[in-house]
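Heads up: the protein sequence lines correspond to chains Y and Z, in order.
With the first letter of the first sequence counted as 1, position 262 gets the number 251 in this note's numbering; the numbers rise by one all the way through.
With the first letter of the second sequence counted as 1, position 135 gets the number 124 in this note's numbering; the numbers rise by one all the way through.
A virtual CB, placed ideally from N, CA and C, is assigned to each residue, including glycine.
Model, not experiment: these values are computed from the prediction.
Beneath this line is the structure, given in structure tokens, with notes to follow.
2 protein chains.
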Amino acid sequence: MSKKKRVTLRDVARQAGVSPTAVSFAYNAPHQLSQTTRDRIIDTANELGYQPHPVARTLATGRTNTIGLVMPTGLDWILHDPLFSLMLGEIGTICDEEKMRILIVPAVGDLSPGMLATIAADGFVLFSIHRNHPLAKSVEHSNRPLVMINGDESLRAPMFNLDDFNGAYLACQHLLEKGHRRIAVGTIGPREDGVIIPSFERRMLGYEAAVRDAGLPPSTLRPVYIRGLLSMGKDSFEKIWSLDPRPTAVLCVSDVRALGVLNGARKAGVSVPGDLAVVGFDNLPDSAVSTPPLTTLKQDLPGRIRVALKTLFALIADDTEDDDPPPPYITPLELEVREST
Amino acid sequence: MSKKKRVTLRDVARQAGVSPTAVSFAYNAPHQLSQTTRDRIIDTANELGYQPHPVARTLATGRTNTIGLVMPTGLDWILHDPLFSLMLGEIGTICDEEKMRILIVPAVGDLSPGMLATIAADGFVLFSIHRNHPLAKSVEHSNRPLVMINGDESLRAPMFNLDDFNGAYLACQHLLEKGHRRIAVGTIGPREDGVIIPSFERRMLGYEAAVRDAGLPPSTLRPVYIRGLLSMGKDSFEKIWSLDPRPTAVLCVSDVRALGVLNGARKAGVSVPGDLAVVGFDNLPDSAVSTPPLTTLKQDLPGRIRVALKTLFALIADDTEDDDPPPPYITPLELEVREST
DNA sequence: CTGAAAGCGCTTACAG
DNA sequence: CTGAAAGCGCTTACAG
């Protein structure tokens, strides 16, 4: 925290009696220098306490070695979405391998199309950006590479999604086959900020299609807005349980919602699946050990994240002309039937 | 993703027939310019698609508007520590207010004392850095402001901690008063990377002191290494339950561990608190709704995080000489007795 | 209200 | 193997 003037490459050069070029080489192209020169430079640098200035280096090289993780909302999203934590963990592992840093870019404040341009990153990963999201415009205008995860498939960008529609279709079909005809859908409510989560939107469509294809009326499904927090499970359950007529099953657009419902049902002494069957989505680690274990849709999260990031890194390295985005990468989903149905 | 040459401030100046200074002013000191000049500049800039280069601006101003969040391990830490997610959410809220960005700095790869100097951030928040951690050295050598959260109190830096020792003391005392004499301590095991979590270390000392002060032998407490993952709860419980002699209670160094034990006990048909009393630490939102609700230590997390960040922002703004760190800010803990004991 | 000039601290062809 | 020079794209006293 000292205030004294920064030691620059120039200072080292002067002190070591070499040119600035040599000092730069000592760090970035050591083989260009004789052993003795290099050693002398490094020694002097250490003596003076020289630390290359990362920002100056970035300006000269054009590389920040940072990727921006763009979220659809504020960072508090992480509290509602354990899946986001899982993704962060995966991304962290991959970025460590690639020696890239992670900059968090929440969607708050300035959301104009030029917003991404103000961020010092080599490329971006955008999470759950819907075509109506303010940042959807910046997707098309970005002057730097980006990839989208769980995004809106109508946007023109490399896309790494789940097969939400068919997964949801399977989940709903599963309940219909078990004879359920009054099914609540536990989903996210309209948000104040108007943010829509594309994957949830697709899942709704999948549920509805399964009902339609079974020749049942749309009223078979009744949406209920519930929160993605385990601690709100009591509320979630009560909202569902107080529907009239009372549903016999609930499809949740996310596991965290389903786990909340399970918890609420247990507190209320309602038996799952006896009185209420529950299906989640995503297959969180916790879903295998809940009481009862949760029927849900299983995905290969690490695989998908890795492909997405490798694609991004390739785009950053390539730096070629604006070409058409690759076809969407869609991870298939498998219904994991456990004891909650 | 276009490759064409970047539009610079210089281009805008030329096109608008003004000096580079004027263009810079149009963005950063609009009042210095006449309305008409400013409008003309902004219009030309928009026409040309000019976007100020964030890195160049940073080099000139010396401000990145970014803080680095330094973790004791890789980013996968987030998967084991819901409390870290809670902190991230809080930090996100505060950084939004201050228009600061968040750069994630996991402790991987280069951990030399100069590591922090290579990071483009105005300051740092260090989480859970122990005096034996490789990054402890960079704390003292940092040329930029930093604050520590849940850090090692022997390090010389602004410190924002919990009163871990006394909290743990209360928890253990509580069990002793209930008559427990065989108490397992569910804690983190030695990590391959050697990372020690200072708050867990202090909590252990608090448990031990309570036993000592009660005139009981140290063997009253038996440490068991368990994972901080709900999905590992079965393992955690079994490790504890298979101790010989069998404990009647367990103190966990974190709520997530305690919740795992609760889950494992339920699966095994072991009644809590009847057969086994369980105490956690931290008071996660989920701990109030577990079965049974968890006895734990309650803290004011948002308040502490906010003070820590305000302190950091003040240090960044001040930019004064290396003075003594303020006295540690220690949040008191309150024992929240619920049905698990 | 406006502009010429120096500076932020690096990297990297280029020439020797 | 080594160095002089231009460049990365801004900001900001300073002078007018």
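Counting of Cβ neighbours within 10 angstroms places A238/Z among the buried residues, the total reaching 16 or more. Exclusion of the five residues before and after A106/Z leaves N132 as the residues of its chain whose Cβ lies within less than 7 Å of its Cβ. According to DSSP, G175/Y shares a beta bridge with V213/Y, C241/Y. Interface annotation, S74/Y: in contact with chain Z, CB-CB separation under 8 Å. The beta carbon of P123/Y is closer than 6 Å to those of L100 in its chain, skipping five residues each way along the sequence.
Here DSSP, grouped into helix, strand and coil, assigns N54/Y to coil. With its beta carbon less than 8 Å from one in chain Y, P43/Z belongs to the interface. Annotated as distal: T33/Y and V(-4)/Y, with beta-carbon spacing of 8 Å or more.
Chain Z has no Cβ within less than 8 Å of the Cβ of P262/Y.
In this structure, DSSP gives R29/Y a helical state, which the three-state scheme calls helix. Under the three-state reduction of DSSP, M60/Z is assigned to coil, being neither helix nor strand. Excluding sequence positions up to five before and after R(-1)/Y, its CB lies within less than 7 Å of the CB of P9, all in the same chain and listed in chain order.
A straight-line Cα-Cα distance of about 38 Å links G178/Z and P41/Y. Counting every other CB atom within 10 Å of its CB across the protein chains shown gives A49/Z a total below 16, marking it as exposed.
The C-beta of S220/Y comes closer than 8 Å to at least one C-beta of chain Z. Rounded to the nearest whole angstrom, the C-alpha separation of S188/Z and N139/Z is 6 Å. A straight line joining the alpha-carbon of K228/Z with that of C241/Z spans about 13 Å.
Annotation for P147/Y: V136, T300, P314, P315 place their beta carbon closer than 6 Å to its own, counting only its chain and skipping 5 residues before and after. In the three-state scheme derived from DSSP, where H, G and I count as helix and E and B as strand, M89/Z is classed as coil. Chain Z places no beta carbon closer than 8 Å to that of G217/Y, leaving this residue out of the contacts.
Restricting attention to I93/Y, A277/Y, A110/Y, the CA atom closest to the CA of T47/Y is found in A110/Y.
Under the Cβ criterion of 8 Å, V1/Y is not counted among the residues facing chain Z. Note on geometry: alpha-carbon atoms of E142/Y and L265/Y lie some 34 Å from one another. Residue P95/Y holds the alpha-carbon nearest to the alpha-carbon of D85/Z among P95/Y, M76/Y, R90/Y. By the Cβ-count criterion, R201/Z is exposed, with fewer than 16 other Cβ atoms from all chains shown falling within 10 Å of its own Cβ. For the region 85 to 116 of chain Z, the set of positions with a beta-carbon nearer than 8 Å to some beta-carbon of chain Y reads D85, K88, R90, I91, L92, I93, V94, P95, V97, G98, G103, A106, T107, I108, A109 in chain order. With a 10 Å radius around the Cβ and a threshold of 16 neighbouring Cβ atoms, A306/Z comes out exposed.
By the neighbour-count criterion, in which a residue is buried when 16 or more other Cβ atoms sit within 10 angstroms of its Cβ, A18/Y is exposed.
The beta carbon of N252/Y sits closer than 7 Å to those of L219, G222, all from its chain and outside the five residues before and after it, given in chain order. Counting only runs of 4+ residues, no alpha helix (DSSP H) is found wholly inside the region 260 to 285 of chain Z. Taking the Cα of M89/Y as reference, the smallest distance to any Cα among I319/Y, F302/Y, V326/Y is reached at F302/Y. As computed with DSSP, F116/Z is found in a beta bridge with I138/Z. The CB of T82/Y comes closer than 8 Å to the CB of G63, L64, D65 in chain Z, given here in chain order. Leaving aside the five residues that flank E190/Y on each side, none in its chain has a CB nearer than 6 Å to its CB.
Judged by their CB atoms, L164/Z and V259/Z are not nearer to each other than the 8 Å cut-off.
Distance from the CA atom of H119/Z to the CA atom of H20/Z, rounded to whole angstroms, is 49 Å.
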